[in-house]
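Enquirer: The numbering used here puts the sequence shown at residues 2 to 283. Just so it is clear, CB atoms sit at the ideal spot from N, CA and C, and this is done for glycine as well. Dropping a structure here in structure tokens format, bear with me for questions.
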Amino acid sequence: MKNSLPRTPGPIGVFDSGYGGLTILNKIREVLPEYDYIYLGDNARAPYGSRSFEIVYKFTLEAVGKLFEMGCHLVILACNTASAKALRSIQMNDLPGIDPARRVLGVIRPTVEGIGNITESRHIGVLATAGTIKSESYPLEIQKLFPDIRVSGVACPMWVPLVENNESQGEGADYFVRKYTDLLLQKDPEIDTVILGCTHYPLLLPKIRQYMPQHIRIVSQGEYVAESLKDYLRRHPEMNAQCTQNGSCFFYTTEAEEKFSESASIFLNQPIGVERISIEKT
Ligand code: DGL
């Protein structure tokens, strides 16, 4: 693939299985509005949360390859499931062969770096997809940086479907929000900070807040990821030079365009133009 990739500077790629990454893109564009972005949602194959390691890795690698072909030198996996199950393999095994100068970054490490200093009880909860919880990525990363913190996680398999179907404010959402938040508090009543470890979950925040005791801090990832990217570009001028800065943003989906623009407007609060593309490699 390497020789056929565009060599000229290009936009920053932001990838998610579906719409959730838009919550990250929003924050990134607030902090770094001058850059160009391409957002890619693999909506046709979402959700990734309950899929196997092999499948999430295959799909994520295809998406990253597509974003490289579209001119990106830097890709953010704005999806915890992809970050948990595919990021390391892509960084270690695939990038050297594709193009050692291109980079793929995830959302778990920046979140963990930000969170360690805000918990007072040193008891943290993680709400995420089944895939992210099963991968143990959060406890492992937190253990590396903050070994004194105790981490408890609960998988919330019904939350992404609620968000994707625009039911996050509906009555049905109350039952499932309460179910998983109660489970987390039963696991560890000393938790004072909860990470929303799935990029879809900020859309459920009003309900999650309602069912969590007031003293518990609920943390969305967007700000941490955006600040971490800003810092990364400052520390890596060679990559910064590969990222164009005209303030543009284009959206691509593997599903029907109308469906994407309708649902994406829930995340972005504004209508957007979107193009359908295929990323599948046979
Ligand atoms: N947005 C993805 C994440 O952050 C989850 C959505 C899915 O299950 O595909 O984990």
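On the premise that Val15 lies in contact with Gly22, defined as a C-beta separation below 8 Å, what is that separation, rounded to the nearest angstrom?
Expert: 6 Å
Enquirer: Could you tell me the distance, in whole angstroms, from the CA atom of Arg52 to the CA atom of Ser18?
Expert: Our two residues, Arg52 and Ser18, have alpha carbons roughly 11 Å apart in a direct line.
Enquirer: For the candidate residues Val226, Glu256 and Ala265, whose alpha-carbon lies nearest to that of Glu281?
Expert: Glu256
Enquirer: Within the chosen definition, does the region 158-172 reach the region 204-214 through at least 3 CB pairs nearer than 8 Å?
Expert: yes
Enquirer: At 3 residues or longer, what runs of the beta strand (DSSP E) sit wholly inside the region 244-273?
Expert: 250-254
Enquirer: Please give me, in chain order, every unbroken run of the beta strand (DSSP E) with length at least 3 that falls completely inside the region 105-138.
Expert: The qualifying runs are 124-129.
Enquirer: So the beta strand (DSSP E) Glu276 belongs to, where does it begin and stop?
Expert: Segment Val275 to Arg277, the beta strand (DSSP E) holding Glu276.
Enquirer: DSSP three-state label for Thr194, please.
Expert: strand
Enquirer: Is the closest heavy atom of the ligand DGL to the C-beta of Asn44 under 7 Å?
Expert: no
Enquirer: Excluding the five sequence neighbours on either side, which residues of its own chain have a C-beta within less than 6 Å of the C-beta of Thr61, listed in chain order?
Expert: So the qualifying residues of the chain are Ala83 and Ala87.
Enquirer: Mapping DSSP to helix, strand and coil, what is Gly21?
Expert: coil
Enquirer: Whose CA, out of Leu234, Gly274 and Ala265, lies closest to the CA of Glu35?
Expert: Leu234
Enquirer: Please report the Cβ distance between Glu114 and Leu75, rounded to the nearest whole angstrom; I am assuming they are in contact, meaning their Cβ atoms lie under 8 Å.
Expert: With a Cβ gap of about 18 Å, Glu114 and Leu75 do not count as contacting.
Enquirer: Where does Phe69 fall in DSSP's three states?
Expert: helix
Enquirer: What did DSSP end up calling Arg236 once you bin it into helix, strand or coil?
Expert: helix
Enquirer: Spell out a yes or no on whether the region 115-128 and the region 181-195 are touching, meaning 3 or more CB-CB pairs, one atom from each, closer than 8 Å.
Expert: yes
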